[in-house]
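Taking the numbering used here, the leading residue of the sequence shown gets 277, the next gets one more, and so forth.
Heads up, the beta-carbon is just placed ideally off N, CA and C, and yes, glycines get one too.
Computed from a predicted structure; not experimentally measured.
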Amino acid sequence: MKKILILITIIYLQMIPLIGCDMFMLQSIEGYPFFTLPSDNGDFNDPYDYFEDFKRLSDGSSGNRDGYGIIAYSLSSDLVSRDYTWYKTGIGNHFDVNNPDEPLYQAISLLYNNPTIERVLVHARSGTGGTGSHPFLFNYDDRTYSFMHNGYVFNNVKREIMNFLGQDWFDQHPSQWQGVYGDTYSFIDSELIFHYLMYYILQYPDNIPRAFRYAFNNKQLGVIDMEYILKYNNSSIVNFVLSDGQNTYAYRSSNIINDIYNLSYQVYPDNFIAVKTGSNLANTITKNQMLQLSSQGQVNELSLEPILRTDFIDLSVENIDNDEFKIQWQISANQDINKFKIHRGINQNFANSQLIASVLKDDSNQVNFNYTDYYAYYPQHYYWLEIVFSDDFSEITSNIPSTGIEIEPNTPEENSSIILYPNPFQESLTISLESDEIVPVKIFNLKGQLVDQITYLPNNSNTLIWKPDQTLDQKISNGIYILKFMSEERTITKKVMRIK
């Protein structure tokens with residue numbers, strides 16, 4: 277039964293990239309009435325080509341089978357009028373080319389040859405059910421913020437976003453889907469991502485790039501690292517278009533998977549700017565690239581690095597030896613810093629990292645610091661520097677990858693001479709060791725702390741059993757452990773995971 281569930285999960289994960297929502301955005305340059313351009317059948321030469329392509333993508337045959345939405349801004353207001361919103365919602369309610377009452381037909385009829393339209397956002401949903409309005413709208417301070425998303429995040433992320441925002445937030449800003457606070461499954465991931473971004477935008481309404489930098493670098497959202505989710509995690513896809521009625525922002529977190537999660541843009545000089553999934557426009561938005569598309573026709577790339585009080589002059593990692601890495605940093609003088617905390621992880625997810633050391637700041641004039649990590653068993657791993665100020669406020673850098681020489685992998689003979697099973701293990705780990713020697717084995721956690729020591733004595737079965745709950749006074753937790761086998765000829769390092 278367990279194998280069947282694993283197989284189903286693998287199939288499901290393999291299927292996820294094969295479906296994806298379709299969307300496009302068109303934005304006027306300096307108020308040019310781009311919907312008055314003549315309709316010329318071609319390869320996205322005018323707005324109508326985008327709508328013709330959308331008819332094909334929203335008819336249910338491409339997987340977009342749960343409705344679509346269209347919203348438009350007019351030149352006269354930053355608020356979206358209800359007259360300029362068209363939605364078809366619900367499971368299986370895709371575009372019907374033979375239905376004259378389709379919202380898509382109504383939208384095209386009103387937009388055609390309309391000189392007052394400044395911007396349109398259009399989205400067809402490929403989902404697993406539910407009803408609601410996508411693109412999403414968020415009215416605040418005489419402005420409509422709009423959002424559409426092509427991708428997915430999982431329920432654990434949804435739950436932490438919902439808890440982070442709290443019930444008061446949703447009382448003030450109700451769901452446009454069917455979301456009920458406390459019920460993770462009632463929310464669609466796209467809307468929760470939008471609300472998460474809006475939380476920061478409302479704090480910095482006049483500096484949305486700054487709001488994004490705070491939102492994208494929240495490493496401690498409950499048990500979730502949002503920097504990892506939004507920037508690095510290939511199991512989540514957060515490709516979105518967000519508009520504040522003046523500028524439009526387009527972001528892509530995904531790798532290119534065929535054309536489904538492609539996000540590209542094109543500038544039609546003096547006319548309009550377009551952003552689109554699927555088809556390849558003139559310029560591809562690359563992974564982890566955030567663009568600001570201005571109403572003047574400018575395309576600006578925005579930084580998503582964290583905003584830090586600390587004035588760093590230099591920050592680097594040097595590989596000294598196979599498992600020794602020296603972290604060095606230099607700051608400007610007279611900063612009100614108490615200490616630095618160093619975290620290490622085997623991937624880019626800060627939520628899975630461990631605090632390995634603290635470095636105190638001796639006096640206000642100290643500017644050079646370093647720490648040597650003697651227990652970094654992975655050639656490719658990551659560090660984070662947490663800066664703790666005298667007022668107890670702290671901030672965390674983005675991950676700093678390990679650098680330097682690669683550790684040479686064990687030879688096939690070395691790999692085959694030691695076998696750990698089961699791996700992961702629960703209560704008991706069996707170590708198969710083909711050796712006629714006495715071999716001491718030291719076991720470390722990822723902080724480099726010695727957890728246990730055992731010894732292999734040659735025997736008929738060539739095995740050694742490790743039962744940590746029986747041999748140790750204090751039970752060890754779930755996680756990854758490093759086993760060092762030290763013979764006279766060489767030292768071999770192996771990794772094992774404990775789960776319960």
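Rounded C-alpha distance that separates residue i from residue j
i      : j      : result
Phe588 : Gln606 : 6 Å
Ser778 : Asp342 : Here the chain comprises residues numbered 277 to 776, so residue 778 is not present and cannot be evaluated.
Ile695 : Thr524 : 55 Å
Leu591 : Gln604 : 6 Å
Val514 : Met502 : 11 Å
Pro379 : Gly408 : 15 Å
Val517 : Asn493 : 19 Å
Ser608 : Ala383 : 57 Å
Leu580 : Asn509 : 15 Å
Asn432 : Gln568 : 30 Å
His370 : Ser337 : 9 Å
Gln443 : Gly455 : 11 Å
Ser708 : Arg766 : 17 Å
Ser353 : Asn390 : 15 Å
Closest residue to residue i among the options (Cα-Cα distance)
i      : options                           : result
Ile549 : Val456, Tyr475, Arg395 and Lys637 : Arg395
Tyr537 : Pro545, Thr524, Gln522 and Thr560 : Thr560
Tyr620 : Tyr647, Ile613 and Asp612         : Reading the sequence as shown, one finds Arg at residue 620 and not Tyr. Nearest option by C-alpha distance: Tyr647.
Glu703 : Val456, Leu748 and Pro545         : Leu748
Tyr544 : Asn721, Asp444, Val575 and Ala491 : Val575
His657 : Asn598, Asp612, Val373 and Ser634 : Asn598
Gly368 : Ile719, Asp335 and Asn375         : Asp335
Ala526 : Asp501, Leu578 and Asp482         : Leu578
Lys602 : Ile618, Ser608 and Asn614         : Ile618
Pro698 : Asn415, Gln522 and Trp742         : Trp742
Asp546 : His471, Lys495, Ser304 and Asp377 : Ser304
Lys364 : Ser353, Tyr349 and Tyr381         : Tyr381
Asp712 : Ile730, Asn736 and Phe701         : Asn736
Phe669 : Pro485, Leu584 and Gln642         : Leu584
Ser674 : Pro582, Gln725, Lys637 and Asp377 : Pro582
Ser519 : Trp445, Pro450, Gly318 and Phe488 : Phe488
Pro700 : Asn754, Gly318 and Asp639         : Asn754
Coil, strand or helix - residue i by DSSP
i      : result
Ala550 : strand
Ala558 : coil
Glu594 : strand
Met773 : strand
Phe663 : Correcting the residue identity first, residue 663 is Ile in this sequence and not Phe. In the structure shown, Ile663 sits in a strand (DSSP, three-state: E or B).
His370 : coil
Gln303 : strand
His619 : strand
Asn445 : According to the sequence shown, residue 445 is Trp rather than Asn. DSSP places Trp445 in helix when its eight states are reduced to three.
Thr673 : coil
Asn463 : A small fix is needed here, since residue 463 is Phe in this sequence, not Asn. Correct three-state label for Phe463: coil.
Arg585 : coil
Gln568 : strand
Tyr416 : coil
Gln604 : strand
With 16 other Cβ atoms within 10 Å as the buried cut-off, status of residue i
i      : result
Asn426 : buried
Ile676 : buried
Thr739 : exposed
Lys770 : buried
Leu661 : buried
Arg332 : exposed
Thr312 : exposed
Arg358 : exposed
Arg435 : buried
Thr553 : buried
Leu733 : exposed
Gln624 : buried
Ile714 : exposed
Lys751 : exposed
Met762 : exposed
Pro450 : exposed
Ile464 : buried
Beta-carbon proximity of residue i to residue j, cut-off 8 Å
i      : j      : result
Leu672 : Asp649 : Leu is not the amino acid found at residue 672; the sequence shown has Ile there. Contact flag unset, no.
Leu777 : Ser422 : Nothing can be reported for residue 777, as the shown portion of the chain is limited to 277 through 776.
Leu355 : Gly307 : no
Ile477 : Thr586 : no
Arg401 : His410 : yes
Leu722 : Ile756 : yes
Lys760 : Val727 : no
Ser529 : Leu497 : no
Asp612 : Phe665 : yes
Ile500 : Ala627 : yes
Gln452 : Glu467 : yes
Gln542 : Leu557 : yes
Tyr349 : Gly521 : yes
Phe470 : Phe430 : no
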